[in-house]
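First to last, the protein sequences are chains A and B.
Note that the numbering used here has the first sequence beginning at 60, numbered continuously upward.
Note that the numbering used here has the second sequence beginning at 60, numbered continuously upward.
Here a beta-carbon is modelled for each residue, glycine too, at the ideal position from N, C-alpha and C.
Data block below; observations after.
Number of protein chains: 2
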Amino acid sequence: MTPEELTPGSVRPGGRTARVREAVLQAAGDLLAERGFFHLDLAEVAARAEVGKTTAYRRWRTPTGLVIDLLADMADQSLPHADTGSLLGDLTANAQLVAETLTDPRQGRVFQAVISAATCDDVAATALHRFYDIRLTEWAPCVHNAITRGEAPDGTDARAVLSAVSAPLYYRLLASGDPIDDLAASTAARAAASAAAAGLFVTVVE
Amino acid sequence: MTPEELTPGSVRPGGRTARVREAVLQAAGDLLAERGFFHLDLAEVAARAEVGKTTAYRRWRTPTGLVIDLLADMADQSLPHADTGSLLGDLTANAQLVAETLTDPRQGRVFQAVISAATCDDVAATALHRFYDIRLTEWAPCVHNAITRGEAPDGTDARAVLSAVSAPLYYRLLASGDPIDDLAASTAARAAASAAAAGLFVTVVE
């Protein structure tokens with residue numbers, strides 16, 4: 060084992076450790092998409108990634124360890140917020156992005172799998188919450204800009220508005236099974252924009 | 060094995076088969092709440108329910124089989140819709156009910172577990188969708204009454220309105236981890252009622 064493998068946090072990007080991680084996370088995502096978290100097997104991930112089983116067990120330890128690292132990697136992939144000039148335009152862009160992700164055959168199942176893993180493990184849950192925290196924070200300027208433009212009142216909670224856009228689409232994916240189509244995405248955006256304009260997401264600060 | 064055990068669908072409620080099922084589903088729910096779907100073990104459920112392991116394996120076969128039967132049992136437990144005289148009142152009652160369920164230490168974790176199971180198995184997913192279909196249908200009269208009272212336009216999709224109430228609360232449970240508190244429940248109800256009044260849930264029928 061090389062020194063860089065012993066201290067993965069300190070290596071330069073593109074080094075051997077980074078390549079191993081990329082291959083393992085790619086294989087983990089593929090297997091999660093194919094069969095879900097319940098059937099994720101570390102040895103199988105290592106074999107598919109063409110990485111030594113010992114390396115995989117030493118670094119990720121458990122299927123949950125893999126999911127936690129996958130979530131960290133997903134959190135690093137920036138999805139810059141829209142800037143269409145209107146709140147409805149920005150929220151519609153956000154809803155379409157979420158709908159595309161959740162209906163993508165691979166991505167949708169990966170999201171189901173990581174959410175499933177988070178229901179069984181507190182550290183995975185923390186990694187999941189951090190992922191959504193980053194996404195919600197990244198898109199907050201859409202709501203701040205809307206407040207500046209006078210489309211929503213001062214004190215409107217950006218996180219609540221953006222959660223309201225995503226939530227109906229996730230509810231379809233995880234609970235009702237109703238289709239995540241263009242109508243669902245545009246309705247989610249329009250309902251959130253309308254409720255924001257009506258001041259329903261203003262946070263009361265005492 | 061008695062004849063009634065061989066044909067469980069045909070037995071009278073309260074018979075031995077019904078008592079076995081009740082004990083097993085209770086134990087399954089307890090274990091799901093304690094450790095999640097990933098760690099559900101049929102032999103352990105049987106032991107805790109004080110039911111023969113052979114009976115449990117013959118009847119439920121797998122942890123997923125248990126979850127599917129638990130969902131059928133949950134679907135049978137009626138939660139009659141509110142009738143407060145206003146759409147906002149009814150949706151607030153619905154939001155409070157959902158929030159209470161999801162924050163209940165046992166129930167919230169059972170919901171996470173059955174949703175997790177549904178991500179790994181198509182039959183469990185079908186059972187889960189059926190459960191939500193029944194709940195959403197049971198509360199649809201709240202929206203129909205609102206249309207009659209003129210609080211929402213004709214053609215308003217009751218299922219979409221009720222999904223909009225639940226969705227932000229489920230999003231907090233399963234994705235963002237944000238608290239499911241009174242403010243979250245009342246905001247979900249108010250945003251859904253406001254969007255419904257604005258005609259945003261009208262289904263366009265060509």
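Bounds of the alpha helix (DSSP H) holding A/Thr-246 are 241-256.
Excluding residues up to 5 positions away in sequence, Asp-237, Ile-239 lie with their Cβ nearer than 6 Å to the Cβ of B/Arg-231 in the same chain.
Across the set B/Gly-74, B/Gly-95, B/Leu-90, B/Ala-82, the C-alpha of B/Gly-95 shows the shortest separation from the C-alpha of B/Ala-176. Around A/Thr-123, the same chain offers Ala-176, Cys-179, Asp-180, Val-182, Ala-183 as residues with beta carbons nearer than 8 Å, after the five sequence neighbours per side are excluded.
In the three-state reduction of the DSSP assignment, A/Thr-185 falls in the helix class, which pools H, G and I. In this structure, B/Ala-92 sits away from A/Leu-259, with a CB-CB distance that is not shorter than 8 Å.
In terms of beta-carbon proximity, B/Gln-166 stays away from the interface with chain A, with every pair separated by 8 Å or more.
For the stretch 238-251 of chain B, residues whose beta-carbon sits nearer than 9 Å to a beta-carbon of chain A comprise Leu-242, Ala-243, Thr-246, Ala-247, Arg-249, Ala-250, Ala-251. Between B/Tyr-116 and A/Ala-234, the gap from beta carbon to beta carbon reaches 8 Å or more. The Cβ of B/Ser-145 sits no closer than 8 Å to any Cβ of chain A. Counting only runs of 4+ residues, the alpha helix (DSSP H) found wholly inside the stretch 75-158 of chain A occupies 75-94, 101-108, 112-119, 122-135, in chain order. For B/Ile-127, no chain A residue has a C-beta closer than 8 Å to its own C-beta; the minimum C-beta separation is roughly 14 Å. B/Val-173 is not bridged by DSSP to any residue.
A contact is defined here as three or more CB-CB pairs under 8 Å, and the stretch 154-168 of chain B fails this definition with respect to the stretch 96-110 of chain B. Going by DSSP, A/Arg-218 is part of the alpha helix (DSSP H) stretching over 217-230.
Going by beta carbons, B/Thr-215 and B/Val-202 fall inside the 8 Å limit.
For A/Val-261, there is no enclosing alpha helix (DSSP H), since its DSSP letter is neither H nor E. Legend: CB atoms of the stretch 73-105 of chain A lying less than 9 Å from CB atoms of chain B belong to residues Arg-94, Gly-95, Phe-96, Phe-97, His-98.
Here B/Asp-163 carries a coil assignment [DSSP, helix/strand/coil]. The beta carbon of B/Gly-214 does not come within 8 Å of any beta carbon belonging to chain A, so the residue lies off that interface. In the structure shown, the three-state DSSP call for B/Glu-210 is coil. Annotation: B/Ala-257 to B/Ser-222 spans about 17 Å, alpha carbon to alpha carbon.
At a cut-off of 8 Å, the C-beta of A/Thr-196 has no neighbouring C-beta in chain B.
At a cut-off of 8 Å between beta carbons, B/Ala-141 makes no contact with chain A. In the same chain as B/Glu-197, and ignoring 5 residues on each side of it, the C-beta atoms closer than 8 Å to its own belong to Ser-137, Leu-138, Pro-139, His-140, in chain order. Judged by DSSP in its simplified three-state form, B/Pro-200 adopts helix. Listed along the chain, the chain A residues whose CB falls inside 7 Å of the CB of B/Gly-124 amount to none; the nearest CB is some 14 Å away.
At a Cβ-Cβ threshold of 8 Å, A/Glu-210 and A/Ser-253 do not count as neighbours. Within the same chain, and ignoring the five residues on either side of B/Arg-168 in sequence, the residues whose Cβ sits closer than 6 Å to its Cβ are Ala-92. Leaving aside the five residues that flank B/Ile-174 on each side, the residues in its chain whose CB is nearer than 8 Å to its CB run, in chain order, Leu-187, Leu-233. Using beta-carbon distances, B/Ser-175 counts as an interface residue toward chain A, with a partner under 8 Å. B/Thr-121 counts as exposed, since fewer than 16 other C-beta atoms from the protein chains shown sit within 10 angstroms of its C-beta.
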